[in-house]
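Just so we're aligned, residue 26 is where the first sequence starts under the numbering used here, counting upward by one.
Beta carbons: idealized from backbone N, C-alpha and C, even for Gly.
Quick caveat, the model's predicted, so the values are computed rather than measured.
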Amino acid sequence: MSSPYPSQPFADWDGTPAAARALQQTLAAQVRLVDDFPPLRLIAGVDVGFEEQGQITRAAVVLLDAQTLEVVAQSLTRIPTSMPYIPGLLSFRELPAVLQALQALPAVPDLIFSDGHGIAHPRRLGIAAHLGVVTGLPTIGVAKKILTGEHEELGEARGAQVPLRDRKTGEVLGTVLRSKERVRPLIVSPGNRVSLASAPRLVMQYVTRYRLPEPTRLADRLASRRDEKAAAARLRR
DNA sequence: GCGACAG
DNA sequence: ATCTTGTCGC
């Protein structure tokens, strides 16, 4: 199969926030909330970090065996940051680097877990949904905080979940999921080609002993240089 | 107008 | 996101 990755994630974008929001509405209409992925063989986790006071965007992708969770490959990309962080426009800041990192992988994943939201977004196009639409691949958003939406109290048990809904319409945007006991819940929402019901189930399928599912947890470590920083701090002491 | 606001 | 040590609790 040919590469599903476009060279750049925003066709005809003039760079303005207003145009970005308009483009999001167009792309959001292309999101498909139905389970449409093959038996999972390879899954990927993507996340982005920054260096040099934010001037360098660093994207990390980890490819895992869906059965053993063994790391099959990793990819890291560093490019100049092109835009500031604006709530609601995260994908425009981070996707360029993410796409480059994905292209560098030796194989195309069957499902991608992305840090950030899928459709649980003001215009239903969080970074996971945006990534899913431009690549055509199945994606799920795994965020640590709510961007939009509200929910009822959540149970304390591992696996407890409650729907995240639009405050005005009641539309279900995702799931507030307690991936582990005594931890703040994760906000899980479909990106593309995954149903609202399956998203949290798939996340729990890859949660081991940490709050975050393995794909996202490992990508997060790479993107934020967890190991390097820990080593540096240790040496200084 | 005011408050909220993924990473 | 990032800047940063130790510390309380499972």
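Asked: DSSP beta-bridge partners of LEU88; Found: ALA69, ALA98
Asked: Nearest residue (CA-CA) to ILE111, options ILE152, GLN55, TYR30, PRO105; Found: ILE152
Asked: Reduced DSSP category for GLU140 - H, G, I as helix; E, B as strand; rest coil; Found: Position check: residue 140 holds Asp in this sequence, whereas Glu was assumed. Three-state DSSP puts ASP140 in a strand.
Asked: Residue span of the alpha helix (DSSP H) that contains SER116, given as start and end; Found: 115 to 128
Asked: Beta-carbon contacts of ARG183 that lie in its chain and below 8 Å, excluding the five residues immediately before and after; Found: ARG203, SER204, LYS205, GLU206
Asked: Within 9 Å, strictly: CB atoms of VAL167 and ILE104; Found: no
Asked: For PRO42, the three-state DSSP class (helix, strand or coil); Found: helix
Asked: For ALA244 and PRO121, the rounded distance between their alpha carbons; Found: 16 Å
Asked: C-alpha gap between PRO131 and ALA98, whole angstroms; Found: 7 Å
Asked: Beta-carbon proximity check, HIS146 vs GLN49, cutoff 9 Å; Found: yes
Asked: 6 Å Cβ shell around SER100 - same chain, five flanking residues per side excluded; Found: VAL86, ALA126, ALA129, LEU130
Asked: LEU158, buried or exposed, once every other Cβ within 10 Å from all chains shown has been counted against 16; Found: Note on identity: in this sequence residue 158 is Val, with Leu being the wrong assignment. Flag for VAL158 reads buried.
Asked: Neighbour-count burial assignment, ARG234, 16 or more Cβ in a 10 Å radius; Found: exposed
Asked: Beta-ladder partner(s) of PRO175, from DSSP; Found: The sequence given here has Glu at residue 175, not Pro. Paired residue(s): ARG190.
Asked: VAL158 - DSSP class collapsed to helix/strand/coil; Found: helix
Asked: Spatially closest choice to GLU95 from THR160, ASP140, TYR231, by CA coordinates; Found: TYR231
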